[in-house]
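Only one structure is covered here, and it is reproduced in the block below.
Residue numbers (this note's numbering), protein chains in the order written: chain A, 54 to 632; chain B, 53 to 174.
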């Protein structure tokens, strides 16, 4: 059924089609075709009936034969009109059709009866049809034509009586009223159709405009997103975007290579799942801490972690993905394996070289002391002076090598603390005896104090504490020309103790304060460069303090002085002290 | 000179051994330098020194083994042992079995003064 209908529609369309292109003419052509086809059908019925009647009567009655012949001619004529409408001109076919109708009506009845009004109403057909098939106003032409034909009929048949003339007059008035009605309705129909067509055209235009705009916008969006996609796909760093719920939503090919996982085994998973089994517990904790700590503005520059057999550096940044999804995180991973290996080799190298340097330096020191002690005979004053210089320089070199070795051990994580009970008082005394001479040489006062809250005994690596204090105090002496160095041992809070080293030296400008703990860093400037040291001291202090689980802080102002404060969790066990 | 107590310096670094020898001589010891663990082991069967300065990294037999052997030999019971090592952790582990631990670099005057204290009291 559904297939049959379009076929029928197509055939009907073909039957009613004309060669017109104008929308109004197409409509009129179709209407005329319908009318003409109906007429052809009606005429054919007459042909068939006439044929049947004549065959049964033996073609003897003149009227019956005439009817048949007229039927055949009418059929041919109407069909010819249909063809005219179809291939030549709808307007011409309409005019012929309407004129033919008027003529046919005029001869369809007895003239007197026609004038008297028996079949006058047949004229309604051409008048109404004219307004529909031609222009609306042509209904008046048809009305006039109908009136003229009635008058002509009366004149030619000698029927121009007063009664007939008045009837014809009334009929012409009626025709004109009918034409007026036809004209009005056809006109309003045409106006409505024209309006509709304008609206349609406008609508079509607007739809086309919108479609074009939309297509352009789509292309733009697609280009933008493909650009971002191309960037994401070609960068060497691995990228994972986690949504607000912690699930991976976007990954790039680099992360697949780094983690050795296909993208579909990353997308949709949480970082905890991805890390399980391939990342150590401590590294996992560090990653999760950073992920949860997104809100804080202070971020560690880059987390280093062991992921399977690779060393990765990871950094995290919060992003606003979409309004409804909320805050997410973009994680960037970089392969650090090669760098980590180089780092390890560098540390090993430094450690080895330092060790190899230390042995001959130790020997030089020893021989120097033998000379100084005059074991093998007396030296004169100038010789003693040379030996003293020799020893002083060797000491400097030795302490630099020791610093390098400590630094290498700290970096490799091979420096182990050896906590044992110690007396803070003894620590301070040793400090003064070791370094007091150096302060005195610069005419600086070295003040030490221990708060009453500090117990007699604490537990910690006193050797390393001593190293920290010597480094800080040596540093303070180096950068102070007059005044004093103060070392305070105090209680910071319930479980922690503080060591504070203050000087009245040149101070450190604020922008340099953050770098002060970096390796090989001395605050720049000729005055400070003049001071010896490779700048390892503070970096070792920082690392040692960190190793002890403590914190170091610096407060400094230029030309006023600097204060380094170390806060350490030293165990305070009286039981241990008594043992 | 023959009355001075004997000190064995078991150290493979020639310079350090020489400095130790000078320091111990300054502390009035008679000194003998041995640079090899195995040689030291057999020498300890022949002589009974008052003092042994022991390096831990030695060829053939390590200082650690020598220390344990000295401590388990009744004939060597009275010997004072000074460990001189660059490795503070191992030295620390062995400190209960030794009389003194010196972490290298060992200074001349330091060893001389300590050795004076370790001299047998007459």
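Idealized CB from N, CA, C, for every residue including glycine.
Burial state of residue 315 of chain A is exposed, judged by a 10 Å Cβ sphere holding fewer than 16 other Cβ atoms.
At a cut-off of 8 Å between beta-carbon atoms, residue 151 of chain B makes no contact with chain A. Under the Cβ criterion of 8 Å, residue 81 of chain B is not counted among the residues facing chain A. Judged by pairs of C-beta atoms under 8 Å, the stretch 230 to 238 of chain A does not touch the stretch 265 to 277 of chain A, as fewer than three such pairs exist.
Secondary structure note for residue 147 of chain B: it is in no beta strand (DSSP E), with a DSSP letter that is neither H nor E. Remark: C-beta atoms of residue 417 of chain A and residue 390 of chain A do not approach each other more closely than 8 Å. With respect to the 8 Å criterion, residue 192 of chain A and residue 183 of chain A are classified as neighbours on the basis of their beta carbons.
DSSP, reduced to helix, strand and coil, places residue 167 of chain A within a helical segment of the structure shown. Between the C-alpha atoms of residue 163 of chain B and residue 608 of chain A there is a straight-line separation of about 42 Å. Near chain B, meaning a CB-to-CB distance below 9 Å, the residues of the stretch 399 to 428 of chain A are 408, 411, 412, 413, 414, 415, 416, 417, 418, 419, 420, 421, 422, 423, 425, 426 and 428.
Taken atom to atom, the span from the alpha-carbon of residue 110 of chain B to that of residue 514 of chain A is near 29 Å.
By DSSP's assignment, residue 206 of chain A forms no beta bridge with any residue. About 6 Å separates the CB atoms of residue 593 of chain A and residue 460 of chain A; that is less than 8 Å, so the two are in contact. Residue 424 of chain A and residue 59 of chain B have their C-alpha atoms spaced approximately 22 Å apart. 8 Å or more divides the Cβ of residue 439 of chain A from the Cβ of residue 74 of chain B. Against residue 451 of chain A, the close residues of chain B are 157, in the order they occur along the chain (beta-carbon pairs closer than 9 Å).
Residues of the stretch 448 to 475 of chain A with a C-beta atom less than 8 Å from some C-beta of chain B are 451, 469 and 471, listed in chain order.
By the neighbour-count criterion, in which 16 or more other beta carbons inside 10 Å mark a residue as buried, residue 559 of chain A falls on the buried side. The three-state secondary structure of residue 75 of chain B, taken from DSSP, is helix.
Below the 7 Å Cβ cutoff, chain A contributes 423 and 428 as neighbours of residue 74 of chain B, in chain order. Against residue 92 of chain B, chain A offers no close residue; the least beta-carbon distance is about 20 Å (beta-carbon pairs closer than 7 Å). Of the other Cβ atoms in all chains shown, 16 or more fall within 10 Å of the Cβ of residue 179 of chain A; this residue is therefore buried. Interface residue (Cβ-Cβ distance to chain A less than 8 Å): residue 141 of chain B is classified as such. In the DSSP annotation of this structure, the continuous segment of the beta strand (DSSP E) that includes residue 356 of chain A starts and ends at 356 to 360. With fewer than three CB-CB distances shorter than 8 Å, the stretch 92 to 102 of chain A does not count as touching the stretch 64 to 83 of chain A. Per DSSP, reduced to three states, the secondary structure at residue 371 of chain A is strand. A contact is defined here as three or more CB-CB pairs under 8 Å, and the stretch 388 to 405 of chain A fails this definition with respect to the stretch 326 to 335 of chain A. Between residue 203 of chain A and residue 226 of chain A, the C-beta gap is not smaller than 8 Å, which leaves the two residues out of contact. Listed along chain A, no residue sits closer than 7 Å to residue 88 of chain B by beta-carbon distance, the nearest being about 18 Å off. Three or more Cβ pairs closer than 8 Å define a contact, and the stretch 542 to 559 of chain A meets that threshold against the stretch 609 to 616 of chain A. Counting only Cβ-Cβ distances below 8 Å, residue 68 of chain B has contacts in chain A at 412, 415, 416 and 419, in chain order.
Within chain A, the residues whose beta carbon sits less than 8 Å from that of residue 161 of chain B are 422 and 426, listed in sequence order. By the neighbour-count criterion, in which 16 or more other beta carbons inside 10 Å mark a residue as buried, residue 601 of chain A falls on the buried side.
The beta strand (DSSP E) runs of length 3 or more contained entirely in the stretch 477 to 549 of chain A are, from start to end of the chain, 498 to 503, 511 to 513 and 537 to 544. DSSP lists no bridge partner for residue 309 of chain A.
The straight-line gap separating the alpha-carbon atoms of residue 367 of chain A and residue 480 of chain A is approximately 42 Å.
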